[in-house]
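In the working numbering, the protein residues as written are 43 to 277.
All C-beta atoms in this analysis are idealised placements derived from N, C-alpha and C, irrespective of residue type, glycine included.
One structure is given here, and the rest of the page talks about it.
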Amino acid sequence: MKGFAYAFALAAAQLVTAHYTFPDLIVNNTVTTDWQYVRITANHYSQGPVTDVTSQAVRCYELDSTSATQAGIATVAAGSTVGFKADNTMGHPGYFSAYLTPASPAANSNDAGLGKTWFKIWEWSPSWSASTGLVFDSENIQQFTFTIPKNVPSGQYLLRGEQIALHVASTTGGAQLYIGCAQINIVNGGNGSPGPLVSFPGAYSPTDPGILINIYNLPAGYTGYQAPGPAVWQG
Ligand SMILES: *[C@@H]1O[C@H](CO)[C@@H](O)[C@H](O)[C@H]1NC(C)=O
Ligand SMILES: [Cu+2]
Numbered sequence: 043m044k045g046f047a048y049a050f051a052l053a054a055a056q057l058v059t060a061h062y063t064f065p066d067l068i069v070n071n072t073v074t075t076d077w078q079y080v081r082i083t084a085n086h087y088s089q090g091p092v093t094d095v096t097s098q099a100v101r102c103y104e105l106d107s108t109s110a111t112q113a114g115i116a117t118v119a120a121g122s123t124v125g126f127k128a129d130n131t132m133g134h135p136g137y138f139s140a141y142l143t144p145a146s147p148a149a150n151s152n153d154a155g156l157g158k159t160w161f162k163i164w165e166w167s168p169s170w171s172a173s174t175g176l177v178f179d180s181e182n183i184q185q186f187t188f189t190i191p192k193n194v195p196s197g198q199y200l201l202r203g204e205q206i207a208l209h210v211a212s213t214t215g216g217a218q219l220y221i222g223c224a225q226i227n228i229v230n231g232g233n234g235s236p237g238p239l240v241s242f243p244g245a246y247s248p249t250d251p252g253i254l255i256n257i258y259n260l261p262a263g264y265t266g267y268q269a270p271g272p273a274v275w276q277g
């Protein structure tokens, strides 16, 4: 009976912490419609995460080669606020970030973002103190927003939004990556030189301390969350 009750409680817990997708780009204070500008992802029914950070899926998690051409390209002003809305409350504790890559020849090209061309523009790490441990202020939100850097050059880009959920990240391949890539055309940009540049896959290793981590039992001498990937480009 004990085993049954445990299994039932576990199933119930998994129901209330359902998985999610990021189908909606937020632009000009408007939540756009599902997959209007975001490349439809392979998990659009299952909502399941990417768990292999070395896979091609870690880039944009597209359903197939038509995902790019079926989504539109949103015009976005540099310096404006954009974001992603999930199809569900994001019940898992995790780390959020956003990346851009120039997209050639256009944001809806399948070849966009294949090289070492991505730079991080925003992140939201859990805070930490010795008395509280890791604190995930971002838990249970349904959307996240951030600014397109003012100095980014105008042009076609992919905007990659991500949450790395860390609730079962204590074993290799346990972290759950939720990903969406919006196709955008940045206007009114500047003449900054974005960097450091990384590729997807390539930016993360399965053993990065921000990816392979037991958030409920931190190692001795822990001093705070170490975000995976490059530093945020300061514009
Ligand atoms: C956002 O607003 C700008 C003008 O400020 C406009 O050019 C652009 O088309 C708008 N983008 C979307 C996706 O509505
Ligand atoms: Cu999950």
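| query | result |
| --- | --- |
| Residue 142 versus 65, 214, 157, residue with shortest Cα-Cα distance | 157 |
| Nearest residue (CA-CA) to residue 273, options 251, 238, 243, 88 | 238 |
| Contact set for residue 148: own chain, Cβ-Cβ below 6 Å, skip 5 residues either direction | 198 |
| C-alpha gap between residue 92 and residue 182, whole angstroms | 20 Å |
| Segments of 4+ residues assigned as alpha helix (DSSP H) that fall wholly inside the segment 93 to 127 | 99 to 102, 109 to 112 |
| Distance cut-off 8 Å: residue 207 Cβ against heavy atoms of ligand 2 | yes |
| Terminal residues of the beta strand (DSSP E) in which residue 66 lies | 66 to 69 |
| Neighbourhood of residue 192 by C-beta, 7 Å cutoff - its chain only, sequence neighbours within 5 removed | 120, 121, 232, 277 |
| Simplified DSSP state of residue 188, which is helix, strand or coil | strand |
| heavy atom of ligand 2 below 8 Å from residue 86 C-beta | no |
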